[in-house]
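One line per chain: the protein sequences are S and W, in this order. Residue numbering for the first sequence follows the numbering used here, beginning at 2 and increasing consecutively. Residue numbering for the second sequence follows the numbering used here, beginning at 1348 and increasing consecutively. Have a look at the structure below, then the notes.
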Amino acid sequence: MNIAVCIKQVPDTASQLKISEDNKTIEDNGIKYGINPFDEYALEEALRLKDKDNTINITVISLGPERVKQSLTKALAMGADEAIHLQTDNSINDCMAIANIITNEIKKKQYDLILFGKKSVDQDNNQVGMIIGEINGIPCISNCSEFVIEDNKIVANREVEGSVEVFEGEFPVIITHEKGKNELRYPSLKDLMAAKKKSINTIDVDVNDNNNSELIRLEYPKKREEGIIIGEDKSAVPELIRILREERKLI
Amino acid sequence: MSCILTVIESKNKEIKNSALELLSEARKISSKKNLDNKVIIIGEYEKNNSTQINEFGINSLLIGSTDKISKYSPELYRDSLLHTINELKPEIILFSGSSIGKDLAPRIAANIGYNLVTECIDISIVEDGYEIKRPIFAGKIIQTLRFSKTPIVVSLKSNSFAIEKIEANEISIKQIDVNISKDKKLPILREIIQPQKEVLDVSEASTIVSGGRGMKEPENFKLIEELAEILNAAVGASRAVVDAGWRPHSEQVGQTGKIVSPNLYIAFGISGAIQHQVGMINSKCIVAVNKDKNAPIFKFADYGIVGDLFEIIPELITKLKNK
Ligand SMILES: Cc1cc2nc3c(=O)[nH]c(=O)nc-3n(C[C@H](O)[C@H](O)[C@H](O)COP(=O)(O)OP(=O)(O)OC[C@H]3O[C@@H](n4cnc5c(N)ncnc54)[C@H](O)[C@@H]3O)c2cc1C
Ligand SMILES: Nc1ncnc2c1ncn2[C@@H]1O[C@H](COP(=O)(O)O)[C@@H](O)[C@H]1O
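Now the structure itself:
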């Protein structure tokens, strides 16, 4: 069985971001990059399948500049078999363009299962997995928190408001992954050293950014004003209730 | 005349509350741009149920509703919608940011070759098209995009648009055909796992009562549940307690959980780490209870009580119960 996991490199979730003077870009210096958390959960799920069945081959694919090699190396250290770097120096925000480039790559091999994160935490698009499913005619089950393989079928739990939908499907299939129930594995230093010796297949790609949108500006959200401390113990409770009830009419 | 098409969802044969935000925004756009205001509803729906739907200046309502489509099926919903879109050729299509909207909008956009803009918080009409604001980096930054070429597909972030009704009008209602794909290889919905007792989801609730590691033990969440029940609120959680297995992931608020914006968010024993903060900072009012006066959450909460939650929650419950 061949599994592909598409991983995007994004700024660490703890990063403080600074908008550049042009008001259109984010200052790059000082940003620590890592694998998009949802993609890392997807990779973890793939690795857990491989833990049980060593014939499974896992390819990680990432589109981005030179620095994404670090994330691919980490994925190899976690246990992926192969890594493909779709290299471009341009920043791409057009999901359709990203989907087309990744499509070209996944067509080269017979993948049974193609995993995505439910969304990238930098652009928060929530699109690429479903688009790739549509343009390739591969069924896509989105927003899954866990899945298993049963009788050569995939059974996946899709999280929706207030309940879980259990979908059953045949291969090939695409899954976009939520945060899973499983803890992520951390590669040891030894794994990392070994991974650095593995080769990453680098392919230069042309970006055909057809996005018909123009970025006008980036800005910070309105800052919340610092609030008030009502009190130090339970004696503050009546005042809190009064405020919420009478002043703010929230309860 | 060109049109705007709004895709709304139903629940228990009624339109969902989230649809009202979409309908309000659709009305504004349609009147400013002089577009025919068309709405499509797919899923179980009985038109007699809806008293509200005629207060949004809708010109025509298309109903794609049969018992075959009562449960969400991506392919079925997609095909029914595509059929209508190809006929109407709308210049803008609105979806909600619900789990159906998130799944369906990209599929539609991919098939008709439109751009999709997700999680929009503001749509304004400019001379040559639309200017749309959306949060990126989990809300640390807001971007403004201009679309001078239409058509576009837009999905709205929940709880970001005001509901505004106008005088009721006559709507022309049309039942549409729902295309049933015959392809057997499609995934099938095997079952829906419902929680033992119906719970309000954090992404839909107008009040959220959340607990973090300060709750000490999973059993103590009974306190949170009791308070939530009194306030008709959803229970939320920090990642720390979800990872510890105390609470389900569906309750997690934050970067790798749900990004919420209720009217009232009350946090007990949550420190306010950046990844939690981005998930709830857009709540209209934030209350924090934490025994550490230096906890980061007090930097952005509107009201704080520095104290022991095990004293404060029971007191809140008692005082709220006897009004
Ligand atoms: C990639 C990534 C993604 C993440 N995503 C999320 C996310 O989506 N959501 C999220 O929440 N976190 C997320 N985190 C984790 C986040 O960084 C924090 O670790 C987490 O939010 C801490 O949870 P907490 O506030 O419950 O626990 P703590 O930080 O341990 O805080 C517990 C608080 O309880 C207070 N307390 C203790 N006892 C009492 C008492 N008796 N009465 C009153 N107060 C008391 C303490 O003073 C303390 O402030 C993420 C982290 C990473 C790296
Ligand atoms: N540049 C990229 N390289 C590899 N995978 C990507 C890239 N961009 C997006 N993806 C995948 O698509 C998912 C959804 O991204 P998005 O639609 O941008 O929210 C991510 O979680 C990744 O799995």
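Ideal Cβ positions, reconstructed from N, Cα and C, are used throughout, including at glycine.
Is the CB of S1357(W) under 8 Å away from at least one CB in chain S?
no
Cβ of E1402(W) within 8 Å of Cβ of I1513(W)?
yes
Say yes only if the C-beta of H1623(W) is nearer than 7 Å to one or more non-hydrogen atoms of ligand 1, and no if none qualify.
yes
From this set, Q71(S), D205(S), T74(S), M2(S), which residue's C-alpha is nearest I115(S)'s C-alpha?
M2(S)
To the nearest angstrom, how far is it from the Cα of S1505(W) to the Cα of S1443(W)?
7 Å
For S143(S), tell me which candidate among D152(S), V174(S), L219(S), I150(S) has the shortest Cα-Cα distance.
V174(S)
For chain W, check one thing: does any of its Cβ atoms lie closer than 8 Å to the Cβ of R68(S)?
no
Residue range of the beta strand (DSSP E) that L1667(W) falls in?
That residue, L1667(W), is in no beta strand (DSSP E); its alpha helix (DSSP H) goes 1656 to 1668.
Is the beta carbon of G232(S) within less than 7 Å of some heavy atom of ligand 1?
no
Can you list the residues near ligand 1, meaning Cβ strictly closer than 5 Å to any non-hydrogen atom, in the order they appear in the chain?
T14(S), P38(S), G1559(W), R1560(W), G1561(W), S1585(W), R1586(W), A1587(W), G1601(W), Q1602(W), T1603(W), G1604(W), G1616(W), I1617(W), S1618(W), A1620(W), Q1622(W), H1623(W), N1637(W), K1638(W), D1639(W), A1642(W), D1655(W), L1656(W)
If you draw a straight line from the C-alpha of F1484(W) to the C-alpha of N1669(W), how long is it?
43 Å
Among the candidates N1406(W), I1660(W), K1375(W), E1368(W), whose CA atom is the shortest distance from the CA of K1385(W)?
N1406(W)
Taking the straight line between their C-alpha atoms, what separation do you get for T1603(W) and E1517(W)?
44 Å
On a Cα-Cα basis, can you pick out the residue from L1428(W), S1550(W), E1478(W) that is closest to G1583(W)?
S1550(W)
Note down the Cα distance separating D1450(W) from M131(S), rounded to an integer number of angstroms.
7 Å
As an exercise, report each continuous beta strand (DSSP E) stretch of at least 3 residues that is fully enclosed by the stretch 1458 to 1488 of chain W, in chain order.
1462 to 1467, 1469 to 1473, 1476 to 1483
Report the residue ranges of all alpha helix (DSSP H) runs contained in full by the stretch 1585 to 1637 of chain W; include only those spanning at least 4 residues, in chain order.
1586 to 1590, 1621 to 1627
Own chain residues within Cβ distance below 8 Å of H1596(W), not counting five before or after:
V1589, G1604
Is any heavy atom of ligand 2 found at a distance shorter than 7 Å from the C-beta of G80(S)?
no
Grouping DSSP H, G and I as helix and E and B as strand, with all else coil, what is A1580(W)?
coil
I1540(W) (DSSP reduced to helix, strand or coil)
strand
In three-state terms, what does DSSP make of E1511(W)?
coil
Can you tell which of K1487(W), S1377(W), I1468(W), A1452(W) has the C-alpha that lies nearest to the C-alpha of E1438(W)?
S1377(W)
Beta-carbon of K1666(W) versus every beta-carbon of chain S: anything under 8 Å?
yes
Tell me whether S63(S) counts as near ligand 2, meaning its Cβ is closer than 7 Å to at least one heavy atom of that ligand.
yes
Hey, would you say S1420(W) sits closer than 8 Å to L1536(W), going by beta carbons?
yes
Does DSSP classify Y187(S) as helix, strand or coil?
coil
C-beta atoms of A1648(W) and V1634(W) nearer than 8 Å:
yes
Considering only DSSP beta bridges, list what L64(S) is partnered with.
L87(S)
Just to confirm before moving on: does the CB-CB distance between L1574(W) and I1652(W) stay below 8 Å?
no
Using a threshold of 7 Å, is the CB atom of Q71(S) nearer than that to any non-hydrogen atom of ligand 2?
no
Beta-bridge partners of D178(S), as assigned by DSSP
Before going further, note that residue 178(S) is His rather than Asp in the sequence given. In the DSSP output, where bridge partners are listed per residue, H178(S) has G118(S), C145(S).
How many angstroms separate the CA atom of V6(S) from the CA atom of Q1624(W)?
29 Å
Pull up the distance between the alpha-carbon of V122(S) and that of E1545(W), whole angstroms please.
30 Å
If the cut is a Cβ gap below 9 Å, which residues of chain W does V167(S) touch?
L1536, R1537, E1538, I1539, I1540
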